[in-house]
Every structure is written in C-alpha cells, then in structure tokens.
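Asker: My questions will all concern the structure given below.
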Amino acid sequence: MFSFSKLHTCLSCVYLHAKMPAESLRWDTLEALKNSPKGRLKYNPDWLEKGEDILSGCNEAPSLSPLSGLILKRLNMSPRALQKTCSLGSASTDPSTGLSEEAPVSSTSPFPSANAQPTPLSSPLLVPRLKKVTEQIVGDEDSAPDASKNLSPVTNPIPSPTISLLSPRATQMEGCIRICEEKHRAKAKMELSLRQELQEKLVASVASRESEQLKRFEELMELKQRQEDQSMRDMMERETQESIGRQEKLKEEHKNRIKILNLRLREAEQQRLREAEFERQRQVEGRERLRALNAIQEEILQLNQLLELAAPTQSGPSPDLTSYSTRANQLCSQVSEVVRMTAEGEFPSVEDMTVAERALHEMRSLIRVMQEAAAQAQEKRKKQQEEEEERRKMAMLQAQQEEQKKSAALSAKEKARKKGLQTKAEQSTLKWYQELQDSANQCAQSFEGLNNTKDIQTKKLRMELQKAATIPVSQISSISGSKLREIFDKIDKLLSGRSVVSGGKSVSTSQHPNGLDFVSYKLAEKFVKQGEEEVASHHEAAFPIAVVASGVWELHPKVGDFILAHLHKKCPYAVPHYPPMKDGTSVEEYQKILGYRVEDGGVEAQDSFLKRMSGMIRLYAAMIQLRWPYGSKQGPDPHGLNNGWRWLAQMLNMEPLADVTATLLFDFLEVCGNALMKQYQVQFWKLILLIQEEYLPRIEAVTSQGQAGSVTRLKQFLESSLRSRQISPPKGQLSSHFWRS
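Dropping the structure here:
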C-alpha cells in the first residue's frame, strides 16, 4: 500500500504539466515521472504475510529523476512565460535519454535551490485546496486500522507545493483524482476487511484446531490416567485377593493348630482330672486309713490302760497278767512305730494298717483272755467268800427263810412278767432275712469273675464302675435339692444301662455282662456304709441319703433288696434278729455275726459299736418314711411305714439286750416317731405307753450301772412325749423349700 499524499503530489505535477501548451513536454513529464523512484511504485498483496513494511517507501524523502528536475527548473521561470507561449517541447532533447540539452538539474535535490524564485505552485489560491485534499487523504489513512498503526509521524514535514488550479480542466482532474482515491480507498478497505475476515477465520480455525487438539490431548491424557488408575486398581485388587487368600490360608492353619492344641489341652485336662481324681481317692483312702490307724492306736492305748489298771487289783502273785502287760506294751510300741512313720507327712499304707489291725486284734484277745482269767479268779474268790458267809449265816436261818419267801414271791412276779417274750425273731422274719442274704450272695458270686480278673482292661472297667457307683453316693448332702436331683439322675442313668461320665471317662454297665449286678451290689453296700459312717457322725445326714436311696429303691427294686441285705448283715438288730451262738462257732466269728468289727487286735469298743448301729438304724428309720418326690410310679412305698411298725412290734416282743435295745429304740423313735404318730395315732400312743410301763423295766433289769446312759435318754424321751402328747419332727428333715433350692 502506498501513500496517497505522495500520489497526490505526483498527480498534481502531471496536471500542471498537462496544462502546458506543449504536447511533447507533457509526455516528457510523464516519462520523467515514470522513471522517477516514486513513479515506479508497485503494490504487492503479500506484504502483510511476509511482514514487510508497506509504508517504508513513503517515509523516505521524495526525489525526482534528472528529467523531472529539468522540467521543474523550467517551471521555475516567471509565471508569465509559463502562461504564454513558452513551450517545453521547444527545447532540444537527447533522444536516447529524453533529457534537455540545458544544464541538468541535480537529481539528488528534489526541491529547487534556495536562490530559485517562487513557482506558481506556491500560489496562495492552490494552498488551501491542497491542504484540504491532504487532510482528507490523511483522515482516510487514519481510518484504516493497519495503516494508522504502521505510519510513523514525520518529524520534519516538507511543505507541500502549492498549485494554482484556475481552469475547469484542473477542477475535473481534481475530481477524477478524488474518484480514483475513493475507489482505491474502497478497494483498500474491502481488501483489508476481506483480509481481516480471512485472518479472523484463519485464527478461528487455528484456535478451533488448537482447542480440538487440546481437547483430544486432554482426552488422551485422561484415558491414560484412567488406564493407569485401572491398572493400579487391578494390581491392588490382585494383591488384595492374594492377601485375602494368604489370610484365609493362615486362618485355616490357625484353626487347625487351635484344634490340635484344644485336643492336646483336653487330653491334658482329662489326664490331669484322672490324676487329680486318683490323687483325691488316694488322699481319701489315706485319710480313712489314718483315721482308722488313730482309732486303733487310741483303742490299743485304752486297752493297755485297762490292762495296767486291772493288774494291781489282782490279789496275790499273778505271773500271767504280767506277761499280758508285757505283750500289750510291745503291741503299743508296734502301733506307735507305725504312727510315727505316718506322722512324717505320708499316709499309712495297707501293710501298715494290717500290722496295726493285727496288733489291735491281739490286744483285744489279750484283754479278753485277761478278763476271762480275772473273772475266773474273781469267781473263785467269790465262791470262797460265799462259803464263808454261808457258814456264818447258819445261825440266822430263820431270818433268811423269811427273806427267801419274800424273794420267791418277787421271783414269781418276775417270771410272770417275763412270760411270753422271745429270744429270737419269728420264723417268717428269719425266712425273709435268709432270702435277702441268699440273693445278695448269689449276686456277689455272679460278678466274682469281675473281682478276680487279671485282665488289665477288665480291672480298669471294674474300678471305673465302682467309682461311678460309689462317688455320687459320697457326694450326697443337704446343700440343695437341685444338686440332690443331679446325683439321683446320675445313679439312675448308671443303673439303666446308659453311659455316665466318671473321672473324665464315659462308663456304662453294658460294657460287661455282670456290670449291672456289680454296680447294684456296690451301690447298696455304699448306701449302708454311709449310714454306718456318715450318719453315725452326723445324724442329719440320714435324710438326704435316705431319700435318694428310697428313689433308687422305687425304680430299681433289686438295689433295695441289696440295701436290706447289707443292712441286716452289718446290723442284725434292724431285722430285728439276735443270732444265737452255734456249736463250733468261735467267739470272734460270733461277734462278727452280732455286728462287731473283729480285727486281729480284737473286738471293737462298745461305744464305737453302738455308734455304728445307731447310724444304720437312723438311716433305716429315715428310708421307711421318705419317698422320692419326683417319682412317676403310683402306689405304696417300696418299703414304707408298715415295716417300721413291724420292726417296733417285733423288737418289743423280744428280750432286751443290755445297752443295745435302749440305744436302738431311742434312735428309731427320734427319727421315725413323728411319722408313726401321724400314721397310727392312738395305737402308737398305746405302744409308747407299753414301752414306758412294761418294756423299760425289763431294759433296766439287764442294764448295769455303766450302761445307764442309753436307758436314761430313752426314759426321758418317753416321758416327754407322753407328757406333751407330741413327738417333734426330727432335725434335718427335708422341707418343701429344700426341693426348690
């Protein structure tokens, strides 16, 4: 794009030259202008794209060719000459160059010299119009945004030449110039707008492509990020699955280890329980042996004291008693040695107990022999005294005869009183007693092979069955009814052939053909032993033991028969039966039949004997009045109160025994008297009155002064009962509240 101000200047020159009359000069002028640097202007549409400055030529100083300078020099002549006939074409020119022959004007100076005269271009008429055209062109240039931005202001503007347009031709030319300017300006604006639109489209397309590329790049990056995240999640999920698998595997291994450890712990616990049970059983047996050993020592010392006290009472020399005393001291030393060995913290062994029992048996034999010898000596002395007394009393025969008559009368009355009493039980009672003993003996023979077996497994089974039968009975107490029911259920399961756990092991009577007979026999024996030991020491223990025994008796009658058989064997007074001494029976055997414990050291003391008999009679009196409260069978008791009435009636029909009869009657009535009173009422009180008035004097007649304690207790009980017409319930009787505990 070129400067319109410079174009206007050139066209003005063309116009002035055209006004010249000389036609040849006009074409010279046009040729000069064409050859000038400004005349060779050209427009290139690629200037903007190439970044070239399209106005660089406009900012340069204007210059004319030598021919233009010559023309201008001529024009500087006087205006008159110019207006008149002066013609440029008259001058000679060089055909080759088109220049005048006159002195050339310097091409380097576009303006006239300082000495030159003013030309018509400086006419005051042309200046305002030229200024107006110039301002309009400059205003159009300023309206173009690109052009105004690239144009730089001219620091030293060159004053435009002034041209005087005086003719209509000049005015027409000026109009053509303006039209040309307007066309060029419109064309330039159009091209500029098109280029701007193209540029905007290009920028928009580039921006859209860049945005699309940016969008695709972002999508690609997002896709890559998603792929990386997905791969990371997949990797983490795989690691998680592997970790879960390892954890599951570790859990399985841990569970297996726990199972193995639990099995080992269970086995160790069972072993510990077995060892603890064995140790406890050993401790119990050891304590029992220790108590028995202490009792044996106490009894031996008492017997030794009796022997030492009896020796000085003998008159005259008595070498036999001295030997007895020496032997008794040896036996005491022997037992003391055994006790001293056990005092070191260990329980006595079976061998120690055998030695102590033999010593006690021998001591009893010594006492018995000594007593017999002393009795014989006393009898001899008594006979001698009687003979002497008879000789002295011959003079007083009359008085004695009178006394004999009185004695005879009294004897007659005494015989009348004793008439009708028995010394042994009735035949039916003896038959029943013998049947029970035969049944128990047959049962014992049936499992004799189990007792005498040498097989280790069978021995273990026998021990387990015995523990399962005896341990629950030893655990019976009056703590709570629920505990008592558990014990009963365990015994019932064992007798029913079901498996029970004893000492950490499961055992059943069905494991051996004679298992049920063995368990029934041992269970009955344990019940009686509890009465012999536990009830004898604690009278209130009779009721929980009796109620369990009654419940077992009701469901398993065979066990009840064995209980009676063991009770009659250990306490024949529970029949009641006073076994006579048969020919050929030794004293020790007869004492065993009567219920005494006869060991190698002798017979047990009378107090110990009465204590055991009392415990068994109390257990029997409790069993006949109690019934298991949870039983399902209907009907009478298996061994009810009628058997208590029978026992009491048969007891009163037999001759009383010293110390034994009074003790057993008192124990029986104290436990069972309240139940018999409620059951038989008036008949019972008649029986009590009979005991007080007729049977008690018989007991007193056979009782010595040293045995009056039991008679006194019985007498006070009878008097108190008859006075109040009431017998109190026994202590320890189970109430309804007990069964709810």
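When we follow the working numbering, the leftmost residue of the sequence shown carries the number 123, and every step to the right adds one.
Using N, Cα and C, we set each Cβ at its ideal position, and we do this for glycine too.
Model, not experiment: these values are computed from the prediction.
Round the Cβ separation of K612 and P594 to the nearest angstrom and send it over; I've been treating them as touching at under 8 angstroms.
Answerer: Residue numbering aside, residue 612 sits at position 490 when the sequence shown is read from its first letter. Residue numbering aside, residue 594 sits at position 472 when the sequence shown is read from its first letter. Indeed they touch by this definition, with Cβ atoms about 5 angstroms apart.
Asker: Report the option in M738, W767, T362 whose CA atom is closest to the CA atom of A687.
Answerer: Sequence index remark: in the sequence shown, residue 687 carries index 565 (1-based). If we check each option's Cα against that of A687, M738 comes out closest.
Asker: Under three-state DSSP, which class holds S846?
Answerer: Along the sequence shown, read from residue 1 onward, the residue named residue 846 stands at position 724. Reduced to three states, the DSSP call for S846 is helix.
Asker: According to DSSP, is K870 part of a helix, a strand, or is it coil?
Answerer: The first residue shown for the chain is 123 and the last is 863, placing residue 870 beyond what the model contains.
Asker: In angstroms with no decimal places, state the Cα-to-Cα distance between P283 and E296.
Answerer: Here residue 283 refers to the residue found at position 161 of the sequence shown. Here residue 296 refers to the residue found at position 174 of the sequence shown. Any reading at P283 needs caution, since the residue's pLDDT is 47, under 50, leaving its predicted position unreliable; the model's value is listed next. In this structure, the straight-line span from the alpha carbon of P283 to that of E296 is close to 15 angstroms.
Asker: Between A658 and R734, which are expected to be in contact by the criterion C-beta below 8 angstroms, what is the C-beta distance as a whole number of angstroms?
Answerer: The count along the sequence shown starts at 1 and reaches residue 658 at position 536. The count along the sequence shown starts at 1 and reaches residue 734 at position 612. Right, the Cβ-Cβ distance comes to about 5 angstroms (below 8 angstroms), so this counts as a contact.
Asker: Would the beta-carbon of V720 fall within 7 angstroms of that of Q728?
Answerer: Against the sequence shown, residue 720 aligns to sequence position 598. Against the sequence shown, residue 728 aligns to sequence position 606. Contact flag unset, no.
Asker: Locate the beta strand (DSSP E) running through V622, then write down its first and last residues.
Answerer: The sequence position of residue 622 within the sequence shown is 500, counting from 1. Looking at the DSSP string, the run of the beta strand (DSSP E) that includes V622 is 622–624.
Asker: According to DSSP, is G865 helix, strand or coil?
Answerer: Within the shown structure, residues of the chain are numbered from 123 to 863, placing residue 865 beyond reach of any answer.
Asker: Quick check on the DSSP output: what are the complete alpha helix (DSSP H) runs of length 4 or more inside the region 709–794, in order along the chain?
Answerer: DSSP runs (the alpha helix (DSSP H)) wholly in the region 709–794: 709–716, 728–745, 763–774.
Asker: Going by C-alpha to C-alpha distance, which of Y752, N426, G762 sits closest to Y742?
Answerer: The count along the sequence shown starts at 1 and reaches residue 742 at position 620. Ranking Y752, N426, G762 by Cα distance to Y742 puts G762 first.
Asker: Rounded to the nearest angstrom, what separates G367 and R360 at their Cα positions?
Answerer: Looking up residue 367 in the sequence shown gives position 245. Looking up residue 360 in the sequence shown gives position 238. G367 and R360: Cα-Cα distance of roughly 10 angstroms.
Asker: Which term fits Q424, buried or exposed, when burial requires 16 or more other beta carbons within 10 angstroms of its beta carbon?
Answerer: The sequence position of residue 424 within the sequence shown is 302, counting from 1. So Q424 counts as exposed.
Asker: Among A496, S730, Q805, whose alpha-carbon lies nearest the alpha-carbon of D781?
Answerer: Locating residue 781 in the sequence shown gives position 659, where the first residue counts as 1. Measuring from the Cα of D781, the nearest candidate turns out to be S730.
Asker: Nearest CA to the CA of L617: which residue from E344, A591, S624, L787?
Answerer: Reading the sequence shown from its first residue, position 495 is the one you call residue 617. Answer by Cα proximity: A591.
Asker: Of the residues Q829, L811, F860, which one's Cα is nearest the Cα of R845?
Answerer: Against the sequence shown, residue 845 aligns to sequence position 723. Looking at the Cα atoms, L811 is the closest of the given residues.
Asker: Alpha helix (DSSP H) containing V595: first to last residue?
Answerer: Taking the first residue of the sequence shown as 1, we reach residue 595 at position 473. Start and end: 578–596.
Asker: Can you give me the Cβ contacts of M703 inside the same chain, cut-off strictly under 6 angstroms, excluding the 5 residues immediately before and after it?
Answerer: Stepping through the sequence shown from its first residue, residue 703 is reached at position 581. Answer for M703: Y712, listed in chain order.
Asker: For my contact list, L809 and L770 are in at a C-beta cut-off of 8 angstroms; report their separation, rounded to the angstrom.
Answerer: Position 687 of the sequence shown, counted from the start, is the residue given in the question as residue 809. Position 648 of the sequence shown, counted from the start, is the residue given in the question as residue 770. Correct: roughly 7 angstroms between the Cβ atoms.
Asker: Going by CA-CA distance only, name the one from E508, A398, V641 that's closest to E570.
Answerer: In the sequence shown, the residue the question calls residue 570 occupies position 448. The shortest C-alpha separation from E570 is found at V641.
Asker: Could you pull out every residue in the same chain whose Cβ sits closer than 7 angstroms to the Cβ of S624, ignoring the five residues on either side in sequence?
Answerer: Taking the first residue of the sequence shown as 1, we reach residue 624 at position 502. Correct list, in chain order: E586, K589, A590, I593.
Asker: Would D722 and S561 be called neighbours here (beta carbons separated by less than 7 angstroms)?
Answerer: Numbered from 1 along the sequence shown, position 600 holds the residue referred to as residue 722. Numbered from 1 along the sequence shown, position 439 holds the residue referred to as residue 561. It is not a contact, given that the beta carbons lie outside the stated cut-off.
Asker: Closest to L488 by CA distance: which of K853, A154, T448 is it?
Answerer: As a working note, residue 488 is residue 366 in the sequence shown. Selected option, being the one with the closest Cα: T448.
Asker: How would you write the range of the alpha helix (DSSP H) that S600 sits in, first residue to last?
Answerer: Here residue 600 is taken as the residue at index 478 of the sequence shown, counted from 1. Unbroken run through S600: none, as it is neither H nor E.
Asker: Would you mind sorting S333 into buried or exposed? The rule is 16 or more other CB atoms within 10 Å of its CB.
Answerer: Numbered from its first residue, the sequence shown carries residue 333 at position 211. The residue in question, S333, is exposed, as its Cβ has fewer than 16 Cβ neighbours within 10 Å.
Asker: Give the straight-line distance between the Cα atoms of K358 and Q352, rounded to the nearest whole angstrom.
Answerer: To locate residue 358, count along the sequence shown from 1; it is residue 236. To locate residue 352, count along the sequence shown from 1; it is residue 230. Rather than Lys, the amino acid found at residue 358 in this sequence is Met. Here the alpha carbons of Q352 and M358 stand approximately 10 angstroms from one another.
Asker: Classify S618 as helix, strand or coil using the three-state DSSP reduction.
Answerer: Here residue 618 refers to the residue found at position 496 when the sequence shown is read from its first residue. Residue state, collapsed to three classes: coil.
Asker: From S863 to G653, what distance separates their C-alpha atoms?
Answerer: Working through the sequence shown from its first residue, we reach residue 863 at position 741. Working through the sequence shown from its first residue, we reach residue 653 at position 531. S863 and G653: Cα-Cα distance of roughly 24 angstroms.
Asker: Can you tell me where the beta strand (DSSP E) with V629 in it begins and where it stops?
Answerer: The residue you call residue 629 lines up with position 507 of the sequence shown. Here the beta strand (DSSP E) through V629 covers 627–629.
Asker: Do E407 and L453 have their CB atoms nearer than 7 angstroms?
Answerer: As a working note, residue 407 is residue 285 in the sequence shown. As a working note, residue 453 is residue 331 in the sequence shown. No, these two residues do not count as a Cβ contact at 7 angstroms.
Asker: Around the C-beta of A696, are 16 or more other C-beta atoms found within 10 angstroms, so that it is buried, or is it exposed?
Answerer: Within the sequence shown, residue 696 is the residue found at index 574, counting from 1. By the neighbour-count rule (16 or more Cβ atoms within 10 Å), A696 is buried.
Asker: Distance check for T785 and L638, CA to CA, integer angstroms please.
Answerer: As a position in the sequence shown, residue 638 is number 516, starting the count at 1. As a position in the sequence shown, residue 785 is number 663, starting the count at 1. Cα to Cα, the separation comes out at about 37 angstroms.
Asker: Count the other C-beta atoms from every protein chain shown that fall within 10 angstroms of the C-beta of R486, then say buried if there are 16 or more, exposed otherwise.
Answerer: Walking along the sequence shown from the start, residue 486 turns up at place 364. Buried is the call here.
Asker: Name the two residues that bound the continuous alpha helix (DSSP H) containing P819.
Answerer: Position 697 of the sequence shown, counted from the start, is the residue given in the question as residue 819. It spans 818–824 - the alpha helix (DSSP H) in which P819 sits, taken as one unbroken run.
Asker: Around the Cβ of S630, are there at least 16 other Cβ atoms within 10 angstroms (buried) or fewer (exposed)?
Answerer: The residue you call residue 630 lines up with position 508 of the sequence shown. Buried.
Asker: What does L544 pair with, by DSSP beta-bridge criteria?
Answerer: On the sequence shown, residue 544 is found 422 positions in, with the first residue counted as 1. The sequence given here places Gln at residue 544; Leu does not occur at that position. According to DSSP, Q544 bridges with M776.
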